[in-house]
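In the working numbering, the protein residues as written are 384 to 834.
We put the CB at the ideal spot given by N, CA and C, even for glycine.
Worksheet: one structure, shown below.
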Amino acid sequence: MKSQLIIQSSSITLRPLTLEDQDALYALTRQPEITDILPEWRMTEEQLHGFLQFVVGSYEQFDPKDVRVMLAVVHNKDQQVIGWCGVFPNDMLDSDDREVAYAISRDYRNKGYVTEAVNALTTYLFEHTLLDRIVGIVKPAPASSLGLQSQVQLRRACQEDAEVLTEICTRAFDHAIRVWAKGDTVPDSNLCPPGYSSVRMHSYVIREWDYYVIEWDGCIIGGVSVNVLGSRHARMDKIFIDPVYHGRGIGSQVFRLVEAEFPEIGIWKLETSGRQRDNHHFYEKMGYICLYASEDEYGYEKIITIEPVIQLPSEELSNVKGETVTEFYQADLGSLRFSTSNLRDIRMTDCNLSGGKFTNLNMTGILLADLRLTDSKVEFCAMDGVHFQDTHLGQDRVPMRWEHCDLKGSHFNDCDLSDVQLEQCQVAGMKINGVAIEVLLAAYESMKAKR
384 MKSQLIIQSS
394 SITLRPLTLE
404 DQDALYALTR
414 QPEITDILPE
424 WRMTEEQLHG
434 FLQFVVGSYE
444 QFDPKDVRVM
454 LAVVHNKDQQ
464 VIGWCGVFPN
474 DMLDSDDREV
484 AYAISRDYRN
494 KGYVTEAVNA
504 LTTYLFEHTL
514 LDRIVGIVKP
524 APASSLGLQS
534 QVQLRRACQE
544 DAEVLTEICT
554 RAFDHAIRVW
564 AKGDTVPDSN
574 LCPPGYSSVR
584 MHSYVIREWD
594 YYVIEWDGCI
604 IGGVSVNVLG
614 SRHARMDKIF
624 IDPVYHGRGI
634 GSQVFRLVEA
644 EFPEIGIWKL
654 ETSGRQRDNH
664 HFYEKMGYIC
674 LYASEDEYGY
684 EKIITIEPVI
694 QLPSEELSNV
704 KGETVTEFYQ
714 ADLGSLRFST
724 SNLRDIRMTD
734 CNLSGGKFTN
744 LNMTGILLAD
754 LRLTDSKVEF
764 CAMDGVHFQD
774 THLGQDRVPM
784 RWEHCDLKGS
794 HFNDCDLSDV
804 QLEQCQVAGM
814 KINGVAIEVL
824 LAAYESMKAK
834 R
């Protein structure tokens, strides 16, 4: 089994320790940055030698049903042992759970190597063992001693950040699903947000919303997106932090930084999964009050300044063009009628429009995004230049129906068209993977004739 415990990653490699690693390990245990957090590693050379012999001998007895393993972290470029990473039982945890433990040399910190090592190890163990959960236990320390005020920073996300944000978001929510979904329930949309692992979804949020990168000592460790609902109202839409950095007080710092970024916002809202009990405690600690609760969702609100205004026509609500606007917030406008009206540049978000009818409208240049259109109808519409991107058929996979539609010259790229049926359709000039449909049909008829 020893040879199989070599885990390659982009910057580091995890491999079994050997007796030849003693000098490198001993040098690491002389670093107070490590032993202040892990005092049990203050060993003499003789003690370390005995422990290393035990670790080396344990690899041949590696048991996927009872996982306990410690691996060296080797820097791929320098070929130096720069730390260790492993999982072990802990009396504080359930017998089936394991604690992840790691250390990294002070000379290689703040470069993402610990994140890379823990992610590589946990991914390997979840794939090759029977482990269901790996837990990180954090030693409490006051925020001032960690220097979080200066270390945690927000910056506006740009399109170049989309891939790394997607990777971290995927790790964060995959971790949450493993911990809270328990494998026997369908995760709700807060525990498993639509598109959370899609680069294109993150790219869309960067483009359309207020999306921020969370950095700690210059390293990207998470993200937070804000949906500004009005002049004084906003929703903390999604906040995620790499699981490796959980428990360090970073979330509290991020909330305060976001509020400082939007000083005009007087009322904040957010939703979270009904299963994530630790989230409920955290949000309440940050001053949020639970407005409603169900098995799938808890809704929270934080009031910073009380201005319970529903309709806000005011000069101070001018938009970027300097025009005055009328704003509605939490207004009951059911059965409202608009006719022969100018609604140019209207903005709607977080609204219930079920049962509405939109007919005989000029909707040139509009954006329809992040919507649920289940059982809706689109009829008699001029759709020249319309772009459908990253759409899907919902949880129940109910097929769409296209009837009497002129789609001549359209392009379908990177789409799942399995089981699509074309009947009585004009397909002249149509190409599939660059091959003309006439050629494909001719080849099919030729094969039939030969049978």
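Closest by C-alpha distance to residue i, when choosing among the options
i: Ala765; options: His775, Asp789 and Gly440; result: Asp789
i: Asn610; options: Asp802, Ile650 and Pro415; result: Ile650
i: His794; options: Gly768, Gly777 and Met783; result: Gly768
i: Ala555; options: Ile622, Cys602 and Glu403; result: Ile622
i: Trp467; options: Ala617, Leu537, Leu400 and Met619; result: Leu400
i: Arg615; options: Gly601, Glu591, Tyr594 and Lys652; result: Lys652
i: Gln430; options: Thr412, Glu443 and Ile420; result: Thr412
i: Phe437; options: Val464, Ile417, Ile465 and Gln405; result: Gln405
i: Gly613; options: Asp733, Glu550, Tyr587 and Lys814; result: Asp733
i: Val596; options: Cys552, Trp785 and Val501; result: Cys552
i: Arg583; options: His432, Cys541 and Met731; result: Cys541
i: Asp837; options: Ile672, Gln659, Ser581 and Leu744; result: Because the chain spans 384 through 834 in this model, residue 837 falls outside it and cannot be assessed.
i: Val627; options: Gly682, Asp515 and Ala500; result: Ala500
i: Ala545; options: Lys740, Ile603, Trp599 and Glu667; result: Ile603
i: Met475; options: His558, Leu504 and Gly519; result: Gly519
i: Val448; options: Phe434, Gly630, Thr655 and Pro472; result: Sequence check: residue 448 is Lys here, not Val. Ranking Phe434, Gly630, Thr655 and Pro472 by Cα distance to Lys448 puts Pro472 first.
i: Arg489; options: Ala410, Val452 and Val450; result: Ala410
i: Glu806; options: Tyr491, Tyr675 and His787; result: His787
i: Ser581; options: Glu644, Thr774, Ala825 and Lys814; result: Thr774
Residue i - DSSP class collapsed to helix/strand/coil
i: Asn816; result: coil
i: Asn610; result: strand
i: Val457; result: strand
i: Lys760; result: coil
i: Trp424; result: helix
i: Asp620; result: strand
i: Glu699; result: With a pLDDT of only 40 at Glu699, under the threshold of 50, the placement of this residue in the model should not be trusted; the figure read from the coordinates follows. DSSP places Glu699 in strand when its eight states are reduced to three.
i: Lys831; result: helix
i: Ala825; result: helix
i: Trp563; result: helix
i: Glu710; result: coil
i: Tyr675; result: strand
i: Tyr587; result: helix
i: Tyr594; result: strand
i: Val452; result: strand
i: Asn662; result: helix
i: Cys788; result: coil
i: Leu402; result: helix
i: Phe721; result: coil
i: Glu806; result: coil
i: Val637; result: helix
i: Phe795; result: coil
i: Phe437; result: helix
i: Arg413; result: coil
i: Pro626; result: helix
i: Cys552; result: helix
i: Asp753; result: coil
i: Gln444; result: helix
i: Gln430; result: helix
Residue burial classification, residue i (beta-carbon count within 10 angstroms, cutoff 16)
i: Asp571; result: buried
i: Gln636; result: buried
i: Gly606; result: buried
i: Pro696; result: With a pLDDT of only 40 at Pro696, under 50, the local geometry of the prediction cannot be trusted, and the value read off the model is given with reservation. Label assigned to Pro696: exposed.
i: Val521; result: exposed
i: Trp785; result: exposed
i: Ser724; result: exposed
i: Asp625; result: buried
i: Glu821; result: exposed
i: Met731; result: exposed
i: Ile420; result: exposed
i: Val457; result: buried
i: Lys460; result: exposed
i: Ile686; result: exposed
i: Thr505; result: buried
i: Leu514; result: buried
Sheet register partners of residue i (DSSP bridge)
i: Glu680; result: Ser656
i: Thr396; result: Gln391 and Val457
i: Gly739; result: DSSP output for Gly739 lists no bridge partner at all.
i: Cys602; result: Trp599
i: Val464; result: Val457
i: Trp651; result: Ala617 and Lys685
Chain B within 7 angstroms of residue i, Cβ atoms only
i: Trp424; result: This model lacks chain B altogether, as it is built from one protein chain only.
Uninterrupted beta strand (DSSP E) stretches inside the stretch 466-550 (no shorter than 3 residues): 481-487 and 535-539
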